[in-house]
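In what follows, a single structure is set out as structure tokens and then discussed.
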Ligand SMILES: [Zn+2]
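Structural data, given as structure tokens:
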């Protein structure tokens, strides 16, 4: 009897040791190679963290790429009373937006421009003077644009600038049609892209356009768009733009938009905006 008890004890001891060994050092079956008892190495664990493989990860990736994108753009700033209010709303919502700057305003309020830049906003040239006489010929236009670019570079140390926005848009009615075409072509030759918009807030139609109208304009025009480039103005008399902004952001978020600045535009998004005649129309 004692002999059989000893054999039973040894058998139990053997199996307990085997189970302990299996769980402490080895995985039973490696799903990639199907080999039995392959040790789990650190590299594989790190690799599996880097490479999303689960169904959830893939779905998450697809949802990201299917998201609608809104580029909020603000022309004509910086200004003394509204720019920092706009920035505060953007920061609270963790949104990066694009500011097309008026050079002579930047010279007046360099600290405000620097604050926009330091908070990660995309700073681009609009014009130095914002006077329509810049469209007299392509030389006067380029001189004005270069002066604006120099102002921005001096204040922000930003080195690469490859987008601009024409005062009044690339097909403005102020300049002679042929002269405007010549100016547009000369920009392309210099690899500078010009950006218009496909959603207008309508805040340029007067000073103090009612906030509800600005909201309505933006929300209506964003429907059925996958990429919205939205025109706002950051200027002294545009306080209703600031009032409308929080509700506009909330509505667009609820409709599935994510927000980007032109610093983060992808080549695919740019192609799509070129086709839609929003960039280099
Ligand atoms: Zn403007």
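Residue numbers (my numbering): 38 to 318.
Here a beta-carbon is modelled for each residue, glycine too, at the ideal position from N, C-alpha and C.
The structure presented is a predicted model; accordingly, all values stated were derived computationally and were not measured.
Compare the beta carbon distance of residue i and residue j with 8 Å and say whether it is the shorter of the two.
| i | j | result |
| --- | --- | --- |
| residue 272 | residue 114 | yes |
| residue 138 | residue 179 | no |
| residue 133 | residue 298 | yes |
| residue 108 | residue 211 | no |
| residue 201 | residue 231 | yes |
| residue 233 | residue 207 | yes |
| residue 129 | residue 295 | no |
As a quick exercise: from the options, pick the residue whose alpha carbon is nearest that of residue i.
| i | options | result |
| --- | --- | --- |
| residue 245 | 259, 269, 158 | 269 |
| residue 156 | 177, 306, 124, 208 | 124 |
| residue 305 | 242, 264, 275, 277 | 264 |
| residue 215 | 173, 186, 312, 242 | 173 |
| residue 222 | 309, 205, 317 | 317 |
| residue 205 | 307, 314, 167 | 167 |
| residue 186 | 142, 247, 220, 213 | 142 |
| residue 248 | 127, 274, 291, 307 | 274 |
| residue 307 | 175, 144, 199, 119 | 199 |
| residue 290 | 127, 122, 220, 303 | 127 |
| residue 315 | 217, 283, 203, 117 | 203 |
| residue 284 | 302, 253, 312, 309 | 253 |
| residue 300 | 118, 135, 261 | 135 |
Leaving out five residues before and five after residue i in sequence, what residues of the same chain have Cβ atoms less than 8 Å from its Cβ?
| i | result |
| --- | --- |
| residue 195 | 154, 160, 189 |
| residue 193 | 150, 151, 154, 160 |
| residue 170 | 177 |
| residue 79 | Legend: pLDDT at residue 79 = 30, less than 50; position of this residue unreliable, value from coordinates given subsequently. Here the set comprises nothing. |
Leaving out five residues before and five after residue i in sequence, what residues of the same chain have Cβ atoms less than 6 Å from its Cβ?
| i | result |
| --- | --- |
| residue 112 | 137, 163, 270 |
| residue 256 | 288 |
| residue 286 | 130 |
| residue 220 | 175, 178 |
Could you spell out the range, first to last residue, of the beta strand (DSSP E) harbouring residue i?
| i | result |
| --- | --- |
| residue 161 | 159-164 |
| residue 109 | 105-112 |
| residue 138 | 135-139 |
Between which two residues does the alpha helix (DSSP H) containing residue i stretch?
| i | result |
| --- | --- |
| residue 149 | 147-155 |
| residue 179 | 175-193 |
| residue 215 | 214-226 |
| residue 126 | 120-129 |
Ligand 2 and residue i: does the residue's C-beta get closer than 7 Å to at least one heavy atom of that ligand?
| i | result |
| --- | --- |
| residue 179 | Here the bound small molecules are ligand 1; ligand 2 is not part of this structure. |
Who are the near neighbours of residue i in its chain, counting only those whose CB is closer than 7 Å to its CB and skipping five residues on each side?
| i | result |
| --- | --- |
| residue 147 | 192 |
| residue 251 | 238, 239, 240, 277, 278, 281 |
| residue 293 | 104, 105 |
Length at least 4, wholly inside the segment 247-309: the alpha helix (DSSP H) runs in chain order: Counting only runs that start and end inside the segment 247-309, the alpha helix (DSSP H) elements of at least 4 residues fall at 248-259, 276-291.
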